[in-house]
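Residue 210 in the UniProt record's numbering sits at position 210 of the sequence shown; the count goes up by one each step and never skips.
Working notes, structure below.
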Amino acid sequence: MYHSVDHFREDPHLVTVSPPRFERQMAWLRTRGLRGVGVAELLDARAAGRERGLVGLTFDDGYADFATRALPVLVRYGFGATAFIVSGRTGTYNAWDDGPRKPLMTDEQLRTVAAAGIEIASHGRHHVSLPETDDTELREELEESRARLEEVVEGPVTGFAFPYGHATEREVEAARAAGYDYACHIRPDEASRHALPRAYVGDRDGPLRMRAKLLRHELRSRSRV
Ligand SMILES: [Zn+2]
Numbered sequence: 001m002y003h004s005v006d007h008f009r010e011d012p013h014l015v016t017v018s019p020p021r022f023e024r025q026m027a028w029l030r031t032r033g034l035r036g037v038g039v040a041e042l043l044d045a046r047a048a049g050r051e052r053g054l055v056g057l058t059f060d061d062g063y064a065d066f067a068t069r070a071l072p073v074l075v076r077y078g079f080g081a082t083a084f085i086v087s088g089r090t091g092t093y094n095a096w097d098d099g100p101r102k103p104l105m106t107d108e109q110l111r112t113v114a115a116a117g118i119e120i121a122s123h124g125r126h127h128v129s130l131p132e133t134d135d136t137e138l139r140e141e142l143e144e145s146r147a148r149l150e151e152v153v154e155g156p157v158t159g160f161a162f163p164y165g166h167a168t169e170r171e172v173e174a175a176r177a178a179g180y181d182y183a184c185h186i187r188p189d190e191a192s193r194h195a196l197p198r199a200y201v202g203d204r205d206g207p208l209r210m211r212a213k214l215l216r217h218e219l220r221s222r223s224r225v
């Protein structure tokens, strides 16, 4: 689970990985015989019994640096990924965050990224913590974000990631009921197709920590979904 890939001075919420570090992390995956893919591709491969050697790469929030910094590296390595987009904020900045302002991808950039083979998925409309919403707002966050993103990329949007990784049973069930094929959580109490666990990767993660995280994630994910 990544967010932003960019040079930085301050990063209070630890959401940014520097471009050289990101490049080394991708190289590390390749050295281990792993290939980065989007979540939809990973789940399809799992269903077909051929997930070996694949690792899901996700990028939350839709930062513009995904298009300018992360994508060129991914393309060079032949990797895919899923970008979870805040549908009501494209072309603006991360107004929900009290950390440094970061620009978000425009609709045009989303189309470019999608054309490069990146899976575009939803991260809600406004990046609100869904357990705090009423039923109407919850449904709108789930359904309207998908409808808008499908319009932008002119294709199906089948995945969702819960903002802040906040989701109780109610939100997990709502994502399923809204017709999403899968949803990403961070550390769900109970993992499922609509509460997929993810491992945080940060700028401090060199080879040893990457290895530890990969092993821990494999243990967490095993035989659950
Ligand atoms: Zn987010």
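Every residue gets a Cβ at the ideal spot worked out from N, C-alpha and C, and that includes glycine.
Just so we're clear, the structure is a prediction, and the values are computed from it rather than from any experiment.
If you draw a straight line from the C-alpha of residue i to the C-alpha of residue j, how long is it?
i	j	result
P131	H123	14 Å
Y93	F59	16 Å
V201	H185	15 Å
A81	L196	15 Å
A199	T136	31 Å
A70	P19	8 Å
F8	T16	7 Å
S192	P100	33 Å
Give the range of the alpha helix (DSSP H) segment to which residue i is assigned.
i	result
R216	P207 to S221
F22	P19 to T31
A167	A167 -> no alpha helix (DSSP H), and no H or E assigned at all.
T112	D107 to A115
Kindly give me the distance between the Cβ atoms of residue i and residue j, rounded to whole angstroms, as I take these residues to be in contact under 8 Å.
i	j	result
L104	V86	7 Å
V152	A121	Contact flag wrong, Cβ pair sits at about 12 Å.
G165	R187	7 Å
Hey, out of the options, whose CA is closest to residue i's CA?
i	options	result
E143	A212, P19, V152 and R125	R125
G110	E23, M210 and E150	Reading off the sequence, residue 110 comes out as Leu, not Gly. It is E150 whose Cα lies nearest to the Cα of L110.
F84	A45, I118 and K102	I118
G53	V39, A167, R35 and Y63	R35
Y182	H13, L42 and R76	L42
R222	E190, A40, P100 and R204	E190
Quick check on the DSSP output: the beta strand (DSSP E) that includes residue i runs from which residue to which?
i	result
R35	R35 to V37
L54	L54 to G56
G183	Going by the sequence as given, residue 183 is Ala instead of Gly. Note, A183: beta strand (DSSP E), Y182 to C184.
Check your understanding: Closer than 6 Å from C-beta to any heavy atom of ligand 1: which residues, in chain order?
Key -> D60, D61, H123, H127 and P163
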